[in-house]
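Written out below as structure tokens is the structure these notes cover.
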Amino acid sequence: NPAKLKEHVLNKLENMPSDVRYYIEKTEIDAFQLAPLRYRHPWELMFGNISKGNACVGGDAFHPMTPDLGQGGCCALEDGVVLSGCLAEAFSKPSTHIKENDKEANQYRRIEESLKKYANERRWRSIDVNATTYMVGSIQQAESKLVTFLRDNILAAFLASQYLKKSGYDCGKLNSS
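Residue 176 in our numbering sits at position 166 of the sequence shown, and the numbers go up by one each step.
Given below as structure tokens:
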């Protein structure tokens, strides 16, 4: 129900500055939409098909995650850099010795190989970030008094280190040519 959703958002933002609340209050009811967060189990990433033939998935289609680490968009950008690097590598090799009628099959094979390389490079990073996001989110959103106490008093430094550790991924350099 969009009206209840708007009311819920306004209740959650009761301590926000009035100009923020103003814009939400002025937003039309039909503009509010609820989309559930998705979680992909690590074994789906581990054993699932990321690439098949000359098609592959990236971004949220590959690794949907909750916003608890703030890495979803970053991972999608990483996907783009790694994918473009793999494809660029496949097309930078000259194919002068190949007959004209075999060039299309060779090009398809090169694309397929570069997509498999992309999938192999991104699989474990995605599993790692996805599982960590789930773990951190479970701890952050826990309502148990024991978990809340541990989170606020003992695990805070650990959770902060996870934020920093996951954001330090080097996905390589893009060559402009």
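Glycine included, every Cβ here is placed at the ideal spot set by N, Cα and C.
Everything numeric in this text was worked out from a predicted model, so none of it was measured.
- Taken atom to atom, the span from the alpha-carbon of Gly82 to that of His73 is near 8 Å.
- For the pair Tyr173 and Met75, the Cα-to-Cα distance works out to about 14 Å.
- The count of Cβ pairs closer than 8 Å, one atom from the stretch 111 to 118 and one from the stretch 140 to 150, stays below three, leaving the stretches out of contact.
- Around the beta carbon of Lys176, 16 or more other beta carbons sit within 10 angstroms, so the residue counts as buried.
- Look at Cys181 here: in three-state DSSP terms it is coil, with no helix or strand label.
- DSSP, reduced to helix, strand and coil, places Ser154 outside both helices and strands of the structure shown, so it counts as coil.
- CA-CA distance, Pro46 to Lys103, rounds to 44 Å.
- Cβ-Cβ separation between Lys14 and Ile39: approximately 10 Å, too far for a contact (criterion under 8 Å).
- Straight-line spacing of the CA atoms in Phe159 and Val146 works out to 15 Å.
- The stretch 78 to 98 makes no contact with the stretch 21 to 37, as fewer than three CB pairs between them are under 8 Å.
- Close CB contacts of Ala141 within its chain, under the 6 Å cut and outside five residues either way in sequence, are with Pro52 (chain order).
- Cβ neighbours of Pro12 within its own chain (closer than 7 Å, five residues either side excluded): Ile39, Asp40 and Phe42.
- Relative to Gly58, the option among Cys84, Leu44, Ala129 and Phe101 whose CA is nearest is Ala129.
- Within the same chain, and ignoring the five residues on either side of Gly69 in sequence, the residues whose Cβ sits closer than 7 Å to its Cβ are Ala86 and Asp89.
- Counting only runs of 4+ residues, the alpha helix (DSSP H) found wholly inside the stretch 30 to 74 occupies 52 to 57, in chain order.
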